[in-house]
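Data block below; observations after.
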Amino acid sequence: MTEQRLAGGRTHMCGSLRAGDAGGRVVLAGWVARRRDHGGVVFLDLRDREGPVQVVAHPDDAPEAFRAASEAKLESVVLVRGEVRLRPEGTANAGLATGEVEVAAGDIEVLSMSDTPPFPVEDDVQVEEALRLTYRYLDLRRPEMTGVLRLRHRMFGTVRQFFDERGFVDVETPTLTKSTPEGARDFLVPSRLQRGKVYALPQSPQMFKQLLMVAGLDRYYQIVRCMRDEDLRADRHWEFTQLDLEMSFASEEDVFEVLESLFARVWREYLGVEIRVPFPRLTYDESVARFGTDKPDTRFGMELADVTTAFGATAFRAFASAIERGGCVAGFAAPGAGTWSRKELDALVPEATARGATGLVWIALEGGQARSPVLSHISPEEIAAVSEATGAGDGDLVLLVADQPGRVAVALDGLRRLLAARLGLVPERRWDFLWITEFPVFEWSEEEARWVAKHHPFTSPVSDDLEPETARARAYDIVLNGIELGSGSVRIHRPDLQRRVFEVMGITGEEATDKFGHMLEAFRFGVPPHAGFAFGLDRVLMLLSGKENIRDVIAFPKTSSGSELLTGAPSEPSQEQLDQLGMRFGPLGR
Ligand code: ASP
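According to the working numbering, the stretch in the sequence shown is residues 3 to 592, in order.
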């Protein structure tokens with residue numbers, strides 16, 4: 003801890019006392035983490051954010067302190083005056099930073115008595131998450147959680163320092179604003195003064211950061227809260243904190259260099275790990291062909307192979323009809339899984355269908371023989387071709403899926419991750435950072451029956467060719483161990499090109515003016531070429547702290563159904579509030 007004056011007359015933090023403090027008089031305050039009575043002496047573990055220290059209250063030395071210690075319930079806040087001394091021979095606790103000392107209490111004052119907490123405030127307690135979230139302040143009192151919040155704070159500090167050193171300017175952008183398309187639903191806030199109108203909460207500061215480049219800021223960054231109304235997952239939260247940046251006159255290479263240096267610094271500082279820079283790069287097409295996804299986990303092999311041609315004249319109806327319908331057959335080899343039992347192998351079929359495949363064919367190669375439920379339908383030549391394409395050898399398992407390419411890719415990506423985990427092929431403490439480049443500019447939205455932007459509509463195409471099926475973008479993602487950390491792109495800075503991109507997406511005339519008129523207008527007044535990036539800081543923290551759920555790195559998160567259990571949000575508005583906004587709710591379910 004840095005030097006600072008402690009409030010409340012305290013001389014030390016509980017968790018900071020060491021053997022060198024022995025003999026000194028101290029004033030401490032904290033929470034009663036534990037209480038034990040031993041032969042008429044009371045031992046308290048007094049905890050503050052630096053950790054616990056043992057306090058001893060002896061009835062003969064300090065009867066008042068002894069009485070207070072006996073009565074203080076767990077989690078009460080107490081002030082202790084006493085003397086630090088070395089613990090008696092043989093009683094030091096090596097597992098505790100303060101384990102060599104204890105504080106002999108002269109005086110104990112209960113500042114706030116606690117009720118019995120709904121769960122023990124200890125690390126490693128098995129408590130239902132809902133209870134933890136309802137009493138989040140108790141949950142955060144646990145050293146592990148306090149530790150995460152402090153790590154978060156420190157990491158943000160490192161990030162700010164990094165960008166400051168590199169000449170980036172931190173500029174805040176509005177929270178009540180206009181819809182910024184990032185592919186999710188907006189959260190809307192009705193306007194009281196302008197009835198019938200709404201603000202959108204920002205899905206990102208995208209338009210503002212580009213406008214800051216038009217304004218001549220040159221380099222912008224911000225640690226900013228973004229809001230996206232989309233399905234929640236273990237690594238996704240509606241309100242997330244993003245590191246957002248934009249650079250003028252920059253190309254991909256400039257952006258890559260900044261982010262690689264930042265990640266290298268954070269990994270060095272917080273994990274003591276030197277990561278490899280520059281990060282390897284993979285185009286979107288290559289990534290999908292080799293891994294079935296644009297977020298590949300490259301820590302293990304098992305790359306996919308397209309084996310459609312091997313089944314060009316197959317007698318196996320399921321494959322033949324998938325190919326006839328314009329589909330493909332692809333798969334991969336799982337090393338060593340060829341020895342799995344029939345039961346284990348059959349159990350992979352529902353895993354495949356759960357990931358969208360219509361079916362799964364497994365072929366186990368063992369002792370020069372092939373086992374498969376469809377062995378009578380596929381020829382030895384086909385098996386040989388598949389083995390060669392997937393690199394499968396004796397003892398290995400080949401998994402094949404036949405369908406439309408998109409579905410095949412999704413299913414195989416999922417199966418590949420699943421098998422790698424089951425086979426123990428995912429190395430620990432390995433950090434595979436990767437750039438994925440040249441994303442498609444557009445993707446077809448079934449829901450909207452039109453082309454939409456794969457990244458966002460301000461992303462520059464690689465060339466002026468805007469054929470929606472084939473156009474590629476100067477867009478890039480950072481992927482780490484199969485998780486997308488963030489995205490960015492070189493932006494369009496020509497109004498004519500921007501208009502044409504809107505046109506492909508069916509946004510023309512009035513709609514273009516209404517939604518993006520401010521951008522088109524700004525682009526009339528001198529726009530530097532610019533590029534940027536954004537990544538989720540919560541996700542990075544999750545990885546740094548080894549947490550599996552993003553909620554564990556956010557102080558006050560929401561549940562997967564969007565409830566804030568602590569405050570009870572969302573709640574019903576009062577009639578008065580609705581009247582002020584000129585709003586009325588329709589019948590539920592509409
Ligand atoms: N606005 C993008 C996002 O939030 C990032 C970017 O293009 O800079 O994903």
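Positions of the beta carbon are idealized from the N, C-alpha and C atoms, including for glycine.
Cβ shell of residue i (< 7 Å), same chain only, five flanking positions each side left out
i    : result
W446 : W453
K297 : V481, G484, I485 and E486
H457 : F441, A475, A477, S489 and S491
V542 : L487
L88  : A21, A24, E102 and V103
A67  : A59, A107, G108, D109 and I110
R592 : The pLDDT assigned to R592 is 47, lower than 50, so where the model puts this residue is not dependable, and the model offers no usable value.
G10  : A31
D47  : A35, R36, P54 and Q56
F435 : F265, I277, F281, I480 and L482
H379 : A317 and F318
I385 : I365 and A372
K1   : The chain is shown only over 3 to 592; residue 1 falls outside these bounds and no answer can be derived.
L270 : First, the residue type needs correcting, since residue 270 is Arg and not Leu in the sequence shown. Closer than 7 Å at the Cβ level, and outside the excluded window around R270, lie E276.
R227 : E241 and T243
Of the listed residues the options, nearest to residue i (C-alpha basis)
i    : options                   : result
V428 : G484, D246 and A455       : G484
Y201 : S181, F210 and L213       : S181
T148 : E578, L401, V331 and E52  : E52
P575 : R586, A349 and L568       : R586
E146 : G548, D233, F444 and P572 : G548
I325 : T300, R301 and V410       : V410
L580 : R194, L140, G169 and D233 : R194
D405 : N95, W342, L273 and A359  : A359
P459 : G393, E184, L539 and G169 : E184
A514 : E353, R501, A524 and R526 : R501
E596 : W433, L8, W437 and G41    : As displayed, the chain neither begins before 3 nor continues past 592, which places residue 596 out of reach and without an answer.
A322 : G340, V403, R344 and S289 : V403
E594 : L401, V331, R156 and T392 : Because residue 594 is not part of the residues shown, which for the chain are 3 to 592, the question remains open.
V123 : L135, L140, L113 and V112 : L140
D220 : A252, H239, V127 and R38  : A252
E259 : D172, V171, W342 and F164 : F164
Beta-bridge partners of residue i, as assigned by DSSP
i    : result
V443 : DSSP, once it has assigned bridges, lists no residue as partnering V443.
V191 : Y201
W453 : W446
E85  : R27 and A106
P607 : Residue coverage of the chain in this structure runs from 3 to 592, which leaves residue 607 outside it and unanswerable.
C330 : D405
D308 : A332
E248 : Y222 and G534
G490 : Y478 and F535
Q196 : Note: Q196 sits in no beta bridge, so no partner.
V55  : L48
F435 : L482
V216 : According to DSSP, V216 bridges with nothing at all.
W33  : R49 and V79
L284 : I438
P463 : A475
Sequence-distant residues of the same chain with beta carbon closer than 6 Å to residue i, five excluded per side
i    : result
G508 : R452
F189 : L203, M229 and D231
T561 : none
L76  : V34
V29  : G11, R12, T13 and R83
L590 : none
L583 : P192 and R194
L98  : none
V443 : P463, A473 and A475
Own chain partners of residue i with C-beta closer than 8 Å, once the 5 adjacent residues on each side are dropped
i    : result
M3   : Any reading at M3 must be qualified, since the residue scores a pLDDT of 49, below 50, and its modelled position is unreliable; the value itself is stated next. Result list for M3: M15, S18 and E52, in chain order.
M544 : D237, E550, N551, I552, D554 and V555
R267 : T160 and F164
Check whether the region 410-430 and the region 491-511 are in contact - that is, three or more C-beta pairs closer than 8 Å. no
Are there three or more Cβ pairs, one per stretch, closer than 8 Å when the region 69-83 is compared with the region 21-41? yes
Counting pairs of Cβ atoms below 8 Å between the region 301-310 and the region 318-338, do you hit three or more? yes
Within 8 Å, do at least three Cβ pairs link the region 417-425 to the region 274-292? no
With a threshold of 8 Å, are at least 3 pairs of Cβ atoms found where one atom belongs to the region 562-570 and the other to the region 521-537? no
With three or more C-beta pairs closer than 8 Å as the rule, is the region 312-325 touching the region 362-379? yes
Under 8 Å: do the region 244-257 and the region 284-300 share three or more Cβ pairs, one atom per stretch? no
Cβ contact check for the region 213-223 and the region 127-134: 3 or more pairs under 8 Å: no
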